[in-house]
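Number of protein chains: 2
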Amino acid sequence: MKVVITGGTGFIGQRLGEALLQRGSLTAPDGGEASIDELLLFDMVAPSLRPAWADERVEIRAGDISDASQVSALIDRDDISVFHLASVVSGGGEKDFDLALRVNLTGGLNVFEACRARSGLPRVVFASSIAVFGGAGMAPVVGDHAKQTPQTTYGATKAICELLVNDYTRKGFFDGRSARLPTVIVRPGKPNAAASSFVSGLFREPLNGETCRIPVSEDTVMPVLGYRSIVGGFIALHEAEGAALGDDRAVSLPSFTVTVRDMIDALHRVAKDRNLGEIVFEPDPFIQAICEGWPKDASYERATRLGLPRDASLEAIVENYIEDYL
Amino acid sequence: MKVVITGGTGFIGQRLGEALLQRGSLTAPDGGEASIDELLLFDMVAPSLRPAWADERVEIRAGDISDASQVSALIDRDDISVFHLASVVSGGGEKDFDLALRVNLTGGLNVFEACRARSGLPRVVFASSIAVFGGAGMAPVVGDHAKQTPQTTYGATKAICELLVNDYTRKGFFDGRSARLPTVIVRPGKPNAAASSFVSGLFREPLNGETCRIPVSEDTVMPVLGYRSIVGGFIALHEAEGAALGDDRAVSLPSFTVTVRDMIDALHRVAKDRNLGEIVFEPDPFIQAICEGWPKDASYERATRLGLPRDASLEAIVENYIEDYL
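Top to bottom, those sequences are chains A and B.
First residue of the first sequence: 238, per the numbering used here; consecutive thereafter.
First residue of the second sequence: 238, per the numbering used here; consecutive thereafter.
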């Protein structure tokens, strides 16, 4: 079978691709286990270097997710699964509303229509976000049954795509599943336009001996999860029985609800023998406002029931990052 | 000021238009009360007869809501308000998914973008529906804070437009408000493609001495509201202070939760001296399934707080219909 990952050359896209090749197979549209003979990473730009893990099964293609013909050309087999990760991120979406709608809404529709056009019933895993929650009426703990009143365009488009995944699935157009991601830590490389980018920087920069600037207060709270569990969650959600999901195909991934201070403390506990760069608080009202709109606590009963993975601890997430990237 | 009603030649659109002309003024984008000098009813077809209530302020225009240029041509003044009622209905949306997306989603986006393009901050009242609720996880009583897991494409597109109205408002593109309608009774004229069409037929056909065929069981439950309160609710929601709505602009209109049997009983109490046509139960699994997916009970705390109207009783709704149409 073929697997398409949109946003496939990003951090999570690549980790997912590598994990899928190692795994070697997935449940195919016919319900049987099929080996993956083609893995297509689609993204807006191709990386200058082909990833070391990418063997001959891997194709990397650059293009525009908002162009329906480009998207339908990706999804060109009936024995296919799609992980739809491509997205404008939260901070980027606040700065460019039109781009957020074009990439996240039109792009999503293009992926969903291309899957609908196949004669099988492809499994589609959509990367949603806990940014679907927010606003004055938000519950103190947001779980799978909380109302979605997002306070960013990013969150709004994610909520819209959750609704579309549910409806396309209900209509029998494909077999969709939405994974609602908390803040992912620890992203390697450079900061990105996500409002939560500093959360990875808080670990990454000090571990690289660099200064990290935190744009929010140290008591800022957020649910986080390590990238290994995010990737494991995508795959487990793909493999879950459709009946176990029922008519609401969206599942909040497990998470740890922590403060910025908790994360700094965990870093110091894990990396006490290293020469850490400095952490400096430099408030940015734009970022603080976005983060304050996010859930203060999250529950994840459905994910637990489905057996989706959760890291052992915050410290374990930092240890994994050191093992994988340092 | 100008007022545009999309879906303006439909039953509710016309009643709203007439009520607005009688009222004569609305709160304009500048915050002051302004008299209505132009009322544009936009719909997919123009009625063969100009409505008797339509004075020289009224223009009726036929067109396609999914055509952005036609929609932006409607919204051609800064001192404007828009009531966006145009929609594929529930049963119709289940039978033609693509049409539902084109009219309800693309059409909605066209209206929202046209309002955004004005230099004022037009008030936009969007007709949503309690069909946004549904599914296995639905709360026994759905209120303003219930999660939206619609089980029709109609409901899904209404939920999506609620999210868009919230986000366009949050961004300062217009001043949006969504009114979540229960089943509207009593619609005059002919049955339509709404799955709930029989609910009006249940009163209308017997009062006309005709046989009414009910496609669901007599214990089928649904929240209903009379058309006078629907129209009054639209106007009251338009006039509400934005601050009273906060960051969630959608409000469930008041309703009565009744069974088919309750409605038949109310008809007999009100019309005991009339020669009523027969009521026959002819189950239709397609309609029954849609109705079973709808809320069994609804609450409406926000509407009450905002002072939105609710008919005195089920009997009063029937009496109003007899007064207005018979």
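Where is the CB? At the ideal position from N, CA and C, for every residue including glycine.
Helix, strand or coil at HIS179/B according to DSSP, with G and I counted as helix = Nothing can be reported for residue 179/B: it is not among the residues displayed for chain B, which extend from 238 to 563.
For ASN429/A, I'd like the list of residues in its chain whose CB is within less than 7 Å of its CB, leaving aside the five on either flank, ordered along the chain.
-> Excluding sequence neighbours, ASN429/A sits near VAL326.
First through last residue of the alpha helix (DSSP H) which encompasses MET281/B | In the DSSP annotation of this structure, MET281/B is not part of any alpha helix (DSSP H), being labelled neither H nor E.
How about the segment 313-324 of chain A and the segment 513-525 of chain A: do they share at least three Cβ pairs that are nearer than 8 Å?
-> With a cut-off of 8 Å, the segment 513-525 of chain A and the segment 313-324 of chain A do not count as touching, because too few Cβ pairs lie within range.
Mind listing the chain A neighbours of LYS384/B? Cutoff is C-beta to C-beta under 9 Å, in chain order.
-> Result: ASP381, HIS382, ALA383, LYS384, GLN385 and ASP485.
Below 7 Å between beta carbons is the criterion; list the residues of the segment 428-447 of chain B that meet it against any residue of chain A, in chain order.
-> Within the segment 428-447 of chain B, no residue qualifies.
Using three-state DSSP, classify PHE411/A as helix, strand or coil.
-> Three-state DSSP puts PHE411/A in coil, outside helix and strand.
Given PRO443/B, which residues of its chain have a CB within under 8 Å of its CB, disregarding the five upstream and five downstream residues?
-> Cβ neighbours of PRO443/B beyond the five flanking positions: CYS449, LEU504, ALA508, LEU513, GLY514, GLU515 and ILE516.
Would you mind telling me which residues of chain B sit closer than 7 Å to ALA256/A, beta carbon to beta carbon, in chain order?
-> Neighbours of ALA256/A on chain B: none; closest Cβ ~30 Å, over 7 Å.
Give a yes or no on whether the C-beta atoms belonging to ASP404/B and ARG360/B are separated by under 8 Å.
-> Inclusion of ASP404/B and ARG360/B in the CB contact set at 8 Å is not warranted, their separation being larger than that value.
What residues are listed by DSSP as bridge partners for ILE451/B?
-> By DSSP's assignment, ILE451/B forms a beta bridge with PHE518/B.
Cross-chain neighbours of ILE397/A in chain B, by beta carbon under 8 Å = Those are ILE397, LEU400 and LEU401, listed as they occur along chain B.
Cα-Cα separation between ARG498/B and ASP381/B, rounded to whole angstroms = Near 27 Å, if we compare the C-alpha coordinates of ASP381/B and ARG498/B.
Residues near ARG539/A in its chain [Cβ-Cβ closer than 6 Å; skip 5 each side] = So the qualifying residues of the chain are ASP381 and VAL488.
Which runs of the beta strand (DSSP E) spanning at least 3 residues fall entirely within the segment 257-319 of chain B, listed in chain order?
-> Complete beta strand (DSSP E) runs here, min 3: 262-264, 270-272, 275-280 and 295-299.
Mind reading off the beta-carbon distance from PRO532/B to MET375/B? Whole number of angstroms is fine, and I expect it under 8 Å.
-> Correct: roughly 7 Å between the Cβ atoms.
Close Cβ partners of GLY300/A (< 7 Å) along its chain, the five nearest in sequence each way excluded | So the list reads PHE279 and GLN307, once near-sequence residues are dropped.
Runs of beta strand (DSSP E) wholly within the segment 417-473 of chain A (minimum 3 residues, chain order) | DSSP runs (the beta strand (DSSP E)) wholly in the segment 417-473 of chain A: 420-422, 449-451 and 458-463.
Just to confirm, are ALA396/A and GLN388/A a CB contact at a threshold of 8 Å?
-> Not closer than 8 Å, so no.
Determine the contact status of VAL402/B and ILE249/B, defining contact as a CB-CB distance below 8 Å.
-> Their beta carbons are not under 8 Å apart, which means VAL402/B does not touch ILE249/B by this criterion.
Thinking ARG486/A and SER415/A are a contact (beta carbons under 8 Å), I'd like their distance in whole angstroms, please.
-> Confirmed, Cβ separation roughly 6 Å.
Which residue or residues does DSSP assign as beta-bridge partners of SER492/A?
-> In the DSSP output, where bridge partners are listed per residue, SER492/A has none listed.
Would you mind telling me which residues of chain A sit closer than 7 Å to PHE334/B, beta carbon to beta carbon, in chain order?
-> When 7 Å is used as the limit between beta carbons, PHE334/B is near these residues of chain A: LYS408, in chain order.
What residues of chain B sit near GLN388/A, judged by a beta carbon separation below 7 Å?
-> Under the 7 Å cutoff, chain B gives ARG407 and ASP484.
Counting only beta-carbon atoms, is ALA289/A nearer than 8 Å to chain B?
-> In terms of beta-carbon proximity, ALA289/A stays away from the interface with chain B, with every pair separated by 8 Å or more.
Which listed residue (SER272/A, SER536/A, GLU270/A and ALA291/A) has its alpha carbon closest to that of GLY245/A = Closest by alpha carbon: ALA291/A.
Roughly how many angstroms separate the alpha carbons of SER285/B and GLN251/B, rounded to a whole number?
-> Rounded to whole angstroms, SER285/B and GLN251/B show a C-alpha spacing of 14 Å.
Taking C-beta pairs closer than 7 Å, name the residues in chain A that GLY374/B reaches, listed in chain order.
-> Here the neighbours are HIS382 and ASP485.
Could you tell me which of ASP534/A, GLY371/A, ASN341/A and CYS352/A sits nearest to ALA364/A, measuring between CA atoms?
-> Here the closest residue by C-alpha is ASN341/A.
In the structure shown, what three-state DSSP assignment does THR246/B receive?
-> Coil, per DSSP.
Applying a beta-carbon distance threshold of less than 7 Å, which residues of chain B neighbour ALA477/A?
-> Within chain B, no residue comes near ALA477/A; the closest Cβ sits about 16 Å away, beyond 7 Å.
When every heavy atom of the ligand ADP is checked, does at least one fall within less than 7 Å of the C-beta of GLU270/A?
-> Judged by which ligands are present, the structure shown has none, so any question about the ligand ADP falls away.
Taking the Cβ atom as the reference point for each residue, do ALA480/A and ASP484/B lie within a distance shorter than 8 Å?
-> With respect to the 8 Å criterion, ALA480/A and ASP484/B are not classified as neighbours on the basis of their beta carbons.
Can you tell me the Cβ-Cβ gap for ARG235/B and LEU258/B, rounded? I've got them flagged as a contact below 8 Å.
-> Not covered by the structure: residue 235/B. The range shown for chain B is 238 to 563.
What three-state label does DSSP hand PHE334/A in the structure shown?
-> PHE334/A falls in the helix class under three-state DSSP.
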